[in-house]
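There are 4 protein chains.
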Amino acid sequence: MTDKKWRTAISTFDDDGASIGGYQIQDLMENLDFGAAMFVLYQQRVPSKEEAKLLNALMVSVIDHGIVAPSAVSRIVAASGVPLQACVAAGILTIGDVHGGAGQEIARKLQIWVEEAKAAGQSLADKARAIVADSRKAKERIEGYGHPLHPHRDDRVDCLVKMAGELGLRGDNLNLALAIQDAIEEATGRHIPLNIDGIMAAVLCDLGFDWRVARVFIFVPRAAGISAHAVEEVKRERGWRKIANHDEVEYDGPTGRTVGEAAE
Amino acid sequence: MTDKKWRTAISTFDDDGASIGGYQIQDLMENLDFGAAMFVLYQQRVPSKEEAKLLNALMVSVIDHGIVAPSAVSRIVAASGVPLQACVAAGILTIGDVHGGAGQEIARKLQIWVEEAKAAGQSLADKARAIVADSRKAKERIEGYGHPLHPHRDDRVDCLVKMAGELGLRGDNLNLALAIQDAIEEATGRHIPLNIDGIMAAVLCDLGFDWRVARVFIFVPRAAGISAHAVEEVKRERGWRKIANHDEVEYDGPTGRTVGEAAE
Amino acid sequence: MTDKKWRTAISTFDDDGASIGGYQIQDLMENLDFGAAMFVLYQQRVPSKEEAKLLNALMVSVIDHGIVAPSAVSRIVAASGVPLQACVAAGILTIGDVHGGAGQEIARKLQIWVEEAKAAGQSLADKARAIVADSRKAKERIEGYGHPLHPHRDDRVDCLVKMAGELGLRGDNLNLALAIQDAIEEATGRHIPLNIDGIMAAVLCDLGFDWRVARVFIFVPRAAGISAHAVEEVKRERGWRKIANHDEVEYDGPTGRTVGEAAE
Amino acid sequence: MTDKKWRTAISTFDDDGASIGGYQIQDLMENLDFGAAMFVLYQQRVPSKEEAKLLNALMVSVIDHGIVAPSAVSRIVAASGVPLQACVAAGILTIGDVHGGAGQEIARKLQIWVEEAKAAGQSLADKARAIVADSRKAKERIEGYGHPLHPHRDDRVDCLVKMAGELGLRGDNLNLALAIQDAIEEATGRHIPLNIDGIMAAVLCDLGFDWRVARVFIFVPRAAGISAHAVEEVKRERGWRKIANHDEVEYDGPTGRTVGEAAE
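Chains as they are written, first to last, in the numbering used here: chain E, 326 to 589; chain X, 326 to 589; chain U, 326 to 589; chain H, 326 to 589.
In structure tokens, the structure reads:
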């Protein structure tokens, strides 16, 4: 345990006002939208109009997605008589390594692979083939491809690819991610499309974000959707509703024992 | 416990894509910024440019604010070796009724008071004087005025008041909130300015939001700041740092007893 | 915001060791079971053997209860690739005012009613009849009676009533709670049994606990069950399972709109 | 995403009552204390009296420990106007890999090392020397030794070692853990004592628990302490207190920039 003073480079405030990354907060309020302000918060620079547009689109793409894990949890908690911020906290906890959080690992690897390709003077297409060959040899799945709910196509992904191109922001990370998609199809004969975690990781890397923050751009926007579900639950439903109801749950553990017989 | 099917009017998805409030998600991605998409999520209509601008500014105003309760909690949790979403969940839990969450109650009351004034044909200035007189008689504080960290002036508040005016979005709720500020000064001789919870409540009401969602527009943007603090903690610091360290904590409970003597 | 030093009367530690409520921790470890140690933590005195036995039984009664809200949430979070403590945190958030947390309000009222009966020199049976009559007039349900999953009888409740009697710990609060059950039957002809929240509230009050801590004796023991479900989920299942699956969710919001037409 | 029915082997209930691991809940309530019931929950068998005594002592040892990370977080959240279960959820989130949660990894390694020693016909003392030599070569710290707040001695550890011996429950895992402590001293000349995470891991392994559940026996008991702090905060203090106050926080990020100049 160290005794050092707490310190931060993110934001500060005093009697003369508050600032984020060195910008007066009013300056940000008057001149930036929320996506652009998040860019400043994480990169300490103001994004171009194109960068801000792409980052906003990426955030909008995951703002809500029906009743899946985060919103289901939020609704169950809301039905228990709990304030809104607690429902959202529970929902955000589900953005783990399986869904949502997966983007962090994909982003980390994309940045490494792009560096490796550059250092080796290798084309991204060749790098992609090598990555797919390695993963097949190791019998390991490459994360970021395929989605149980969107097996063939995910409009959100197609839209982000298109927008990145139109805005002149398609960089090495997205190019490699798409080259891997092609290499998988080449090697297996199956089209397994880049999924939403994968495209977000690639776009965030191309926009210059640290891979550690990939999941932030899922759970901040999704917090809006998670809250909306909690509010709807409270306004529309009453009390304690069936989830996977207890009588739909199969019990397959031991039965019929007593403490008495175990103690003998 | 009811057996009804789960149902929702917020969003849906199928093989043909996903939609929010009836809008294809790509449509929202290509045409709206994140603040505007939140407007759609909560009001099921696309905001005007002015409404979107004001809502984004409001969200930017609370995106971060140094190391106070939400970010302090997030950093302590982050220092404990915990994934990012859990740090943010803990931070969001602090947006309770004392700070941040207070806006919900203010919004609820503003909507009631505005209705009462209209029904009674009373001017907002007169209504404000009556509200202040009532609160003084009941010796109760009107929430939404005064801030321990910004006693004299909060630039974020001034900026939102100015923007609401310039964008033509200053409505009855904000007018009443400012009239109450004047009435407090008139009655007490003290200028106790509208605080950030108060201005947010007033602006959100004027923008047509349900009072139940006032705190959503604090914790969604602040989730971005809370995450930034957790990431900074992990990148900059190592291990377990002193908080309010145990040796700064005064112990004033009983001492020197034993189980033996209590049992006799 | 006050500047006062943090202070606590609960526990402390220094180079000579740690203590809870003034007892050396080794003393508690060697001489008390966990239920008794919780008694010390909350009442700063060592319970009698009978008190410890009843408190342990009360805690065991709610250690787990199949897959209902807290464990369902824990399992969904666990399936998302999240560490154990976060699964449990999410599960505990469901111990809100609807189930589990209800005991707090019941305990508060029982303590008031017992005081009122004493002050008025009224028998508990008469007080119970008056309470039931008042609730019927106000058309308000008395909390703590009836359980959606156990409409006729809950063995846990019967067992706690029996044990409280056998251990000589049946006091005014439990007697009043049972008198209310009789008075409801007398007034309505229906047997609506004291439920688990109700019995716990009554027993905790008779054991001398503050009503504010009633739900602690639900969520501390249930944390054990919630964890067990998270561990089982991770060990037995793989990846992301269906909850209330999206295609079982009925969507009844607007459809087929575009941003373009809204903007016109 | 699989469609399989939810299933569990932990507990069940129907109209004839509830059971845990096959035992009627009343049977457990009447015959076991809370620690013993947790044993049943996780091992599906009733512990001996000695096993129950040791497990209870282990749980009592961590029931509270002054104002450190979990209780500090709980108090900050409590001061924000948040219900008790949410304060505890936030506190539990801090039981991460750094403190508390570390026991899981230690338990996993101890079980492997004991197996390796047995398979190789190696004495635990020799195995310990080999482990310490390997860690010194790799310049890696062996987790479970040394504590920033208790550098020389932790009474809780000494007490558990003594009780395990007296109860006839000192097994290979604890013996190896203590042999490693000796081997560290032999190799470095420094006495770095087994810490609370280490002793808990060793005792839980000797009691037959899965290493995955080591941290459960921290956060379930500590939930009691975390709650006690939240309750004390609300009863004793008012409103929003200083933590590491903003004016004690050093800001060392960029200053004085404007959006205007960045856009040029």
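C-beta atoms are modelled at their ideal positions from N, C-alpha and C, and glycine is treated no differently. Note that this is a predicted model, so its numbers are computed, not measured.
Proximity below 8 Å, CB of residue i to CB of residue j
| i | j | result |
| --- | --- | --- |
| U/V457 | U/A512 | yes |
| H/R537 | H/Q429 | yes |
| U/A549 | H/L366 | yes |
| H/L485 | H/V439 | no |
| H/A555 | H/A403 | yes |
| E/G425 | E/I551 | no |
| H/I505 | H/I467 | yes |
| H/G406 | X/G406 | no |
| X/Q349 | X/G360 | no |
| X/A334 | E/V385 | no |
Terminal residues of the alpha helix (DSSP H) in which residue i lies
| i | result |
| --- | --- |
| X/F542 | V541 to R561 |
| H/D497 | D497 to T513 |
| X/S460 | L449 to K462 |
| E/D352 | I350 to N356 |
| H/S386 | K374 to S386 |
| X/F364 | F359 to Q368 |
| X/W438 | A427 to A445 |
| H/L529 | I521 to D531 |
| X/L494 | From DSSP, X/L494 is part of no alpha helix (DSSP H); its letter is neither H nor E. |
| E/R400 | A394 to A403 |
| X/G416 | L409 to L418 |
Distance between residue j and residue i (C-alpha atoms, nearest Å)
| i | j | result |
| --- | --- | --- |
| E/L383 | E/K374 | 14 Å |
| H/G446 | H/C530 | 20 Å |
| E/D507 | X/A539 | 46 Å |
| H/I517 | H/I431 | 16 Å |
| H/I417 | U/K560 | 22 Å |
| E/V371 | H/H472 | 44 Å |
| U/N570 | X/Q369 | Because the pLDDT at U/N570 is just 48, under 50, the model does not fix this residue reliably, and the value given afterwards should be weighed accordingly. About 24 Å. |
| U/T419 | X/R400 | 25 Å |
| H/E589 | E/L519 | Residue placement at H/E589 cannot be trusted, given a pLDDT of 49 that sits under 50; what the coordinates show is reported in the next sentence. One C-alpha to the other measures close to 36 Å. |
| X/Q351 | H/I388 | 52 Å |
| H/V423 | H/R332 | 33 Å |
| X/L449 | X/R433 | 17 Å |
Unbroken beta strand (DSSP E) run spanning residue i, endpoints
| i | result |
| --- | --- |
| E/S344 | G342 to I345 |
| U/S336 | S336 to D339 |
Buried or exposed by the 16-neighbour rule on C-beta atoms within 10 Å, applied to residue i
| i | result |
| --- | --- |
| X/E557 | buried |
| E/D314 | Any property of residue 314 of chain E remains undetermined from this structure, which presents chain E solely from 326 to 589. |
| U/G347 | buried |
| X/R481 | buried |
| X/D522 | buried |
| H/A444 | exposed |
| E/P395 | buried |
| U/R495 | buried |
| E/T327 | Bear in mind that a pLDDT of 46 at E/T327, under 50, signals an unreliable position, so the number given afterwards is only what the model happens to contain. It is exposed - the Cβ of E/T327 has fewer than 16 other Cβ atoms within 10 Å. |
| X/E491 | exposed |
| E/K378 | buried |
| H/K452 | buried |
| H/H477 | exposed |
| H/R515 | exposed |
| X/P579 | exposed |
Proximal chain X residues relative to residue i, where beta-carbon distance stays under 7 Å
| i | result |
| --- | --- |
| H/A411 | L418 |
| E/G523 | The premise fails here: E/G523 is roughly 17 Å from chain X at the closest Cβ pair, so nothing lies under 7 Å. |
Chain E residues whose Cβ lies nearer than 8 Å to that of residue i
| i | result |
| --- | --- |
| X/W536 | Those within 8 Å of X/W536 in chain E number zero; the least Cβ separation is about 11 Å. |
| X/C484 | I350, Q351, M354 and E355 |
Listed by chain order, chain U residues near residue i by CB distance under 8 Å
| i | result |
| --- | --- |
| H/M488 | M354 and E355 |
Neighbouring residues, chain E, relative to residue i (Cβ below 7 Å)
| i | result |
| --- | --- |
| U/G421 | S405, G406 and V407 |
| H/R582 | G347 and Y348 |
Listed by chain order, chain U residues near residue i by CB distance under 7 Å
| i | result |
| --- | --- |
| E/A415 | V398, A415 and L418 |
Neighbour flag for residue i against chain A, beta carbons, 8 Å
| i | result |
| --- | --- |
| X/G550 | Considering every chain present, this structure includes no chain A. Its protein chains are E, X, U and H. |
Amino acids of chain H, ordered along the chain, whose beta-carbon sits closer than 7 Å to that of residue i
| i | result |
| --- | --- |
| E/V556 | Simply none; closest approach about 17 Å. |
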